[in-house]
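Engineer:
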Amino acid sequence: MSDASGRFDPPNSRPAREPMFNVPLVVLLIAVSMPTLFFFQRDLPDMGMSMAFAPIDLEQGRWGGLLTAMLLHGGWTHAIMNAVAALAFGTPVARLFGTKVGPTVFLLFYLVCGVLASLGYGLIHWGSSEPMVGASGAVFGLIGAATRLLGGQGRVLPMGDRRVIGAAITWMAVNVVTGMIGGLPGAEGARIAWEAHAVGFVVGFLAIGPLGRMFGSGAAPHP
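Following my numbering, the numbering of the sequence shown begins with 1 at its first residue and continues without gaps.
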């Protein structure tokens, strides 16, 4: 008589069930912070624009906006889109780094991608006084990193892998087209620059290789 239900199987022989919600905590906190901070941003006298970043800040020695601009968004749609993208693409990156020092490494990686994305935008548009806000540069850093992880079964794929090249070209094409047609929906009030997205993507794309070798958990990453 067969046991189709598996009721008499030894406990250790049954496959472990995946949790329904297994987003790493650090990723979840970053994603939730975006709409939460925007909720409070709306009550600021200038909608937080004093903390935005403008390229002219570099010329005048004001560097704080490189970081604080990441805490601001141009609208609910902008904040929610970045939150959803952070959840989707931050999860495989955070899992690669593991749980010991992984959350700290992930947070620093995220912040560095965002700061360098804003810095790159500032250098490209040197002297401009037009403000930009948003965590999009940092999120694109996560997208760049995840581009080399998706399909790698927990390993960082080589930059020359055909899947990686194809995905990178697609992301950059979408990013440029988005910038050319006038920006992201819900980003009224300040510029959300496609150039910053591109710089963030490149930073994440390049940095995930050495970071995967230093902090990657599980299978060893590709060079």
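No residue lacks a Cβ here, since even glycine has one placed at the ideal position from N, Cα and C.
Given the structure is predicted, the values throughout are model-derived calculations rather than measurements.
So, with DSSP's three-state summary, where would you put residue 132?
Structural biologist: For the purposes of this step, residue 132 is identified with residue 132 of the sequence shown, where counting begins at 1. Strand, per DSSP.
Engineer: Give me the DSSP bridge partner(s) of residue 53.
Structural biologist: Reading the sequence shown from its first residue, position 53 is the one you call residue 53. In the DSSP output, where bridge partners are listed per residue, residue 53 has 132.
Engineer: Can you list, in chain order, the residues of its chain whose CB lies under 7 Å from that of residue 26, leaving out five sequence neighbours each side?
Structural biologist: By one-based count along the sequence shown, residue 26 stands at place 26. Answer for residue 26: 94, 103, 106, 107, listed in chain order.
Engineer: Leaving aside the five residues before and after residue 137 along the sequence, list all residues of the same chain whose C-beta is less than 7 Å from its C-beta, in chain order.
Structural biologist: Position 137 of the sequence shown holds residue 137. Around residue 137: 113, 114, 117, 118, 196, 197, 199, 200.
Engineer: According to the neighbour-count rule (16 or more other Cβ atoms, all chains shown, within 10 Å of its Cβ), is residue 146 buried or exposed?
Structural biologist: In the sequence shown, counting from the first residue as 1, residue 146 sits at position 146. The residue in question, residue 146, is buried, as its Cβ has 16 or more Cβ neighbours within 10 Å.
Engineer: For the alpha helix (DSSP H) that contains residue 78, what are its first and last residues?
Structural biologist: The sequence position of residue 78 within the sequence shown is 78, counting from 1. First-last of the alpha helix (DSSP H) with residue 78: 76-97.
Engineer: Suppose you measure from the CA of residue 153 to the CA of residue 141; what does that come to, to the nearest Å?
Structural biologist: Here residue 153 refers to the residue found at position 153 of the sequence shown. Here residue 141 refers to the residue found at position 141 of the sequence shown. Answer to the nearest angstrom: the Cα atoms are 20 Å apart.
Engineer: Check residue 22 in the structure and name its three-state DSSP category.
Structural biologist: Sequence index remark: in the sequence shown, residue 22 carries index 22 (1-based). Here residue 22 sits in coil by DSSP.
Engineer: What separation, rounded to the nearest whole angstrom, lies between the Cα atoms of residue 69 and residue 80?
Structural biologist: Stepping through the sequence shown from its first residue, residue 69 is reached at position 69. Stepping through the sequence shown from its first residue, residue 80 is reached at position 80. Cα to Cα, residue 69 sits roughly 16 Å from residue 80.
Engineer: Which residues in the same chain have their Cβ closer than 8 Å to the Cβ of residue 85, if we skip the five residues on either side of it in sequence?
Structural biologist: Position 85 of the sequence shown holds residue 85. Cβ within range, chain order: 139, 142, 143.
Engineer: Going by Cα to Cα distance, which pick from 31, 97, 47 is closest to residue 83?
Structural biologist: Within the sequence shown, residue 83 is the residue found at index 83, counting from 1. Comparing Cα-Cα distances from residue 83 to each of 31, 97, 47, the minimum goes to 31.
Engineer: With a CB to CB cut of under 6 Å and the five nearest residues on each side skipped, what residues in its chain are close to residue 216?
Structural biologist: Position 216 of the sequence shown, counted from the first residue, corresponds to residue 216. Closer than 6 Å at Cβ, skipping near neighbours: 96.
Engineer: With DSSP collapsed to three states, give me the class of residue 42.
Structural biologist: Here residue 42 refers to the residue found at position 42 when the sequence shown is read from its first residue. In this structure, residue 42 counts as coil in the three-state DSSP scheme.
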